[in-house]
Every structure is written in C-alpha cells, then in structure tokens.
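What follows is a short report on a single structure.
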Amino acid sequence: MSDSTTATIATAASTVERLTAQGHLIGDSWTSSDSAGRYAHHDPATGRLQAEIALGGVAEVTAAVDAAIAAAPAWRAMPLEARAAILYRLADLLVEHDPGSALLNARDNGTPISAMRPGQYSASWVRYYAGWIDKIDGHVVPTSSGLDYVRPEPYGVIGAIVPWNGPMMGMGQKVAPALAAGNTVVAKPPEIAPFGALRFAELALEAGLPPGVLNVVTGGADAGQALVRDPRVGKVSFTGGHVTARAVMTAAAETLKPLALELGGKSANIIFPDADLDTAAFLSVLLGVGLLSGQGCALPTRLYVHDDVYDEVVDRLTAQAAGLSVGDPSDPKTFMGPVVNRSACERILGVIDRAKAEGAGTLLTGGQRLDGDLAGGYFIAPTIFGDVVHGSHLAANEVFGPVLSVLRFQSEDEVVAKANDSNFGLGAYLHTRDIGRAHRLVNRLEAGMVIVNGPPGMSPGAPFGGFKQSGFGREGGRWGIDEFLQQKNIFIAGS
Ligand code: NAD
Numbered sequence: 059m060s061d062s063t064t065a066t067i068a069t070a071a072s073t074v075e076r077l078t079a080q081g082h083l084i085g086d087s088w089t090s091s092d093s094a095g096r097y098a099h100h101d102p103a104t105g106r107l108q109a110e111i112a113l114g115g116v117a118e119v120t121a122a123v124d125a126a127i128a129a130a131p132a133w134r135a136m137p138l139e140a141r142a143a144i145l146y147r148l149a150d151l152l153v154e155h156d157p158g159s160a161l162l163n164a165r166d167n168g169t170p171i172s173a174m175r176p177g178q179y180s181a182s183w184v185r186y187y188a189g190w191i192d193k194i195d196g197h198v199v200p201t202s203s204g205l206d207y208v209r210p211e212p213y214g215v216i217g218a219i220v221p222w223n224g225p226m227m228g229m230g231q232k233v234a235p236a237l238a239a240g241n242t243v244v245a246k247p248p249e250i251a252p253f254g255a256l257r258f259a260e261l262a263l264e265a266g267l268p269p270g271v272l273n274v275v276t277g278g279a280d281a282g283q284a285l286v287r288d289p290r291v292g293k294v295s296f297t298g299g300h301v302t303a304r305a306v307m308t309a310a311a312e313t314l315k316p317l318a319l320e321l322g323g324k325s326a327n328i329i330f331p332d333a334d335l336d337t338a339a340f341l342s343v344l345l346g347v348g349l350l351s352g353q354g355c356a357l358p359t360r361l362y363v364h365d366d367v368y369d370e371v372v373d374r375l376t377a378q379a380a381g382l383s384v385g386d387p388s389d390p391k392t393f394m395g396p397v398v399n400r401s402a403c404e405r406i407l408g409v410i411d412r413a414k415a416e417g418a419g420t421l422l423t424g425g426q427r428l429d430g431d432l433a434g435g436y437f438i439a440p441t442i443f444g445d446v447v448h449g450s451h452l453a454a455n456e457v458f459g460p461v462l463s464v465l466r467f468q469s470e471d472e473v474v475a476k477a478n479d480s481n482f483g484l485g486a487y488l489h490t491r492d493i494g495r496a497h498r499l500v501n502r503l504e505a506g507m508v509i510v511n512g513p514p515g516m517s518p519g520a521p522f523g524g525f526k527q528s529g530f531g532r533e534g535g536r537w538g539i540d541e542f543l544q545q546k547n548i549f550i551a552g553s
C-alpha cells in the first residue's frame, strides 16, 4: 500500500471518531444524545470495536422534525438558482472527498474501495437532481369556464430511512430529490453503518445548506417508528427488508402517511446457450457473489443456466469464484470484503447450513467463514450451490450474503415461469445473443428492471424500484422526484 493510501486510512479512522463524537445532526447542532441507548460498532474487516454509537429515539426524531419544520418555509422560498447552486456545490464536495468517503465506507460496512465509490456515486445523483430544480413544471387543464391548472408542491418534511449497504449512496438517492423538490428532510441511517450518511450531512452544511433543511438521526427501530408515526412528516421513503416494511406500513396507517418502499429481491439471472458464456459467467459471479459480498438488493443471486451449457458454465463459475480477491476492503486490490457484522455473518452461515441439511443443492465452492489473516473479520468464502431445487428455502429467499444459487432449465417457457415464481420482483438479468428472445423475455419477466447482457446501468436518470413484494415507488429520474411532490389543482373561475 502506498504512503498516501496509508495516510488516508488513518484519516478515515479519525473521521469515524469525529462522527461518533458528534452524533446526530439536528438543526444547526450536532448532538450525541442517546435516548435509545448505544450500539457497539465493530470494524467489519477486523472485528475490532471502533465506535459506541449514540442511538436516537422519539426525543431526537421529534427535535429533528421540529428543526425540519422550522427550516421549511425559507428553503421552499429560496430562489431556484440558489437552491441548485447549493446542491451543485455539495456534488463537487462529494467528488473532492470521494477517496476519504470510500475508506470511510470500508469501515462503515466493509465495502471495498475498488468496488464502490460512494462520493462519486452520490454526487452523480445530487448533480442530476440539482438540474431538476428549475424544470419541475405544472400543467394547464383545458376548460371553457376559467383557468384550471396543476402545481406540483413539496410535502413539507420527508422522512428518509436509508440503508446500511450504501449509506452515502442512499442519501444521494433519497435526500437529493427530496431537497430538489423543495422539502426538508429527516434522514435515519441505521446504527449498523451510519458514517456515510453523517459525512454526507457534514458536506451538505459545508456546501451552504441552511441548518435544519437536512437533519440526520442515527438509530434503529425506535427512531424508524418515531419518524413514521410523527404526524408532521408528510411522507416516508424507506429502504429495507419486507418484514420491516410491514411494520412501517402498520405505523404509517395511523396517520395515513404515504410511503415509498425499496425492498429486497432474489433476482433471477438467465443464461441461454447462445450467450457469450465467458462474459455471462464472469458477471454472474462478480454481481451474484462478489459485489458488496452479495449484500445488494438487486444483485442476481438466483442463476438459471440452460441444460445444454450447464456444466461448462458451472466450471467457469467456480473458476471465477476462486479468482475473486477477498480481503481488506481498504486495499485497492481487494474486490470482495467482509459482510457487515457478526450477526449477519452468523445468519448467512446459518442459511448455508440449512441449505446443506435440506439438500437444497450441491455445494460447489465456499460455504465457510474465512480464517488465517481474515479470521478476526466477518469474511465468508464466495459460495456457490449447484443443481439447486426450485422452491427450496435457498432458492426462494434473499440471503444477503455471498451465496449464489444455480438452477437448471430446458425451455424458455419453463425459465420464465420459474423466474416469475417469486414473491420478489426487483431485478431480472438475461444473457443471450438472440435479440428476439431478449425482447420476449423483457416483456414477460416480472421485475422493476431487466438487464440484458451486462451489469446494471446505475444511471440517476433511470427509475429504480420493485414489482410485487420488492416494494413500490421509484428512485431516479422524473419518477424519483415525483415521489416527493404532491399535485395541487387550482381553478380560477371566469378567467
Ligand atoms: P431492515 O428491514 O432490517 O432495516 C431497514 C431499516 O429499517 C433500518 O434503518 C432499521 O433501523 C429500520 N427499522 C427496523 N425496524 C423498524 C421498525 N419497526 N420501524 C421502522 N423502521 C425500522 O433491513 P436491513 O437488514 O437493514 O437491510 C437489508 C434489506 O434492505 C434487504 O432486504 C435488502 O434487499 C433491502 N435493501 C433494499 C434496497 C433497495 O433499494 N430496494 C437497497 C438496499 C437494501
């Protein structure tokens, strides 16, 4: 590792210390108030305790909503170009500090710096939505008796429950469009990985965002419930699992609060015999096992391979898995890091054990925690099960770990039926050189995004979200900003 990388790693450690000491951002103050207790945060790569994080609850969320309400009129009235200029400055700062944010992300949740650039990614969303600020237009309704028009308006205060697998990215995806639409925000990163969201807030203040426009309260279920139940919060955008989403919907029912839900998936990935098998196998392992150690909602973790090429694809898959560089997420040579914490590690190993005990498939590679130099951290070997039984627990459920299920198929109709036989519908992937087949499958697959012959585009201009129990609402593009706007109809008689 170069001297400059070593120096930046030391800076990331001191950033963790600073952010932990500062705590939540409420209005113009940082506070380490901890009405919901403290969380012991361990570095995922070493298992060493690195922070005792103050957890917010009702008291902190209520104060944050107070601050967001107080800041709302001035933010909404700010000239559009001034509001956009702040977001453009924030995007520049996110890019400028991206190396530090990547290393912070490695400490936050174990994501390798080579796999994700949270500052750059988040900046692309902030910049994209800054560009929308002067383009949110209304509509005139044709009528013969007056002037009838429609004006999009902000909700007021938005609650943004951002995920731990990309806390700074999640801020870009939720906070940027909410602010661009003229709302103020209370964001709630989880205690598991709060640092990227808190760093985003620091940079937002540095960019000139007025205090109170963005508030950040770190916490778990207590803070999440407080945010959803507060009647002054106009809408909540939630990212998480479908079980928690049910609790969120129940709490939202009290005040009939609108929600956007970005939930989990078990995305099907289909390889036809006419595909470029090298590329298909490479991407299937890169995305289905290695990237984020499988801790990504839309990753292709349920791989269907046509019988005619099954054996040769499986050979490629196991070779690819063996070649994945697993290790210290701060090292630029690493592609796959640890999973987020001890409990995730134990849960994933439990899923693997259950699959073995149930005979859900044949373990082709991996299946165990890594030892040696990596024994202190939460590292699980890249794991692939072959000949997985459709309908087994392993095939049907999100593992959220580096575990790929490979299943066989023989016909297009069969694989479409199996791919769609899922409660989830976030992503679907297919590999074929037959353009007619690609179009047929795009039409038939039940998923919010379908990716043909490649990795996802990840553009902030594209809508991202789920079908079925993968949620509702969209992040990205016009759809993403519409989530944070409500339509007011005005009729002026006789004009
Ligand atoms: P989770 O459902 O356990 O937690 C999500 C969030 O909800 C956290 O901030 C948590 O603190 C909060 N929370 C927990 N209990 C709550 C309650 N009772 N009321 C309100 N809030 C509560 O999910 P997780 O384990 O943190 O994340 C993994 C899940 O998130 C996976 O299913 C994954 O697929 C999904 N995810 C989806 C996307 C997407 O964009 N679709 C992105 C990342 C992760």
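Under our numbering, the residue at position 410 of the sequence shown is numbered 468, and the numbers go up by one with no gaps. Virtual Cβ for every residue (Gly too), placed ideally from N, Cα, C. Quick caveat: nothing in here was measured; it's all calculated off a predicted structure.
Check, Outcome
"Regarding residue 527 and ligand 1, is the C-beta to nearest heavy atom distance less than 6 Å?", "no"
"Are residue 534 and residue 551 close, meaning C-beta to C-beta below 7 Å?", "no"
"With DSSP collapsed to three states, give me the class of residue 473.", "helix"
"Within the chosen definition, does the stretch 386–399 reach the stretch 157–177 through at least 3 CB pairs nearer than 8 Å?", "yes"
"Hey, quick one: how far does the alpha helix (DSSP H) through residue 160 stretch, first residue to last?", "156–167"
"Counting only runs that start and end within the stretch 311–380, where is the alpha helix (DSSP H) found for 4 or more residues in a row?", "335–343"
"Between which two residues does the beta strand (DSSP E) holding residue 246 run?", "242–246"
"Take residue 297 and list the residues in its own chain whose beta-carbon comes closer than 7 Å to its own, dropping the five residues that flank it on each side.", "219, 220, 221, 228 and 320"
"Do you know whose CA, among 125, 121 and 188, lies nearest residue 20's CA?", "Absent from the model: residue 20. The displayed extent of the chain is 59 to 553, so no value can be given."
"Leaving aside the five residues before and after residue 190 along the sequence, list all residues of the same chain whose C-beta is less than 6 Å from its C-beta, in chain order.", "238 and 539"
"Considering only residues of the same chain and omitting the five flanking positions on each side of residue 339, which have a CB-CB separation below 7 Å?", "371, 374, 375 and 378"
"Given that a residue counts as buried once 16 or more other Cβ atoms are within 10 Å of its Cβ, and exposed if not, what is residue 413?", "buried"
"May I ask you to list the residues that DSSP assigns as paired with residue 489?", "329"
"Let me check understanding here. Comparing Cα to Cα, which of 434, 323, 334 and 71 lies closest to residue 159?", "71"
"CA-CA distance, residue 342 and residue 112?", "39 Å"
"When you compare the CB of residue 515 with every CB in chain B, is at least one pair closer than 7 Å?", "Within the model displayed, chain B is absent; a lone protein chain is all it includes."
"DSSP beta-bridge partners for residue 526?", "482"
"Report whether the distance from the Cβ of residue 454 to the nearest heavy atom of ligand 1 is below 6 Å.", "no"
"Is it right to say residue 96 is buried, meaning 16 or more other beta carbons lie within 10 angstroms of its own, or is it exposed?", "exposed"
"In angstroms with no decimal places, state the Cα-to-Cα distance between residue 270 and residue 83.", "9 Å"
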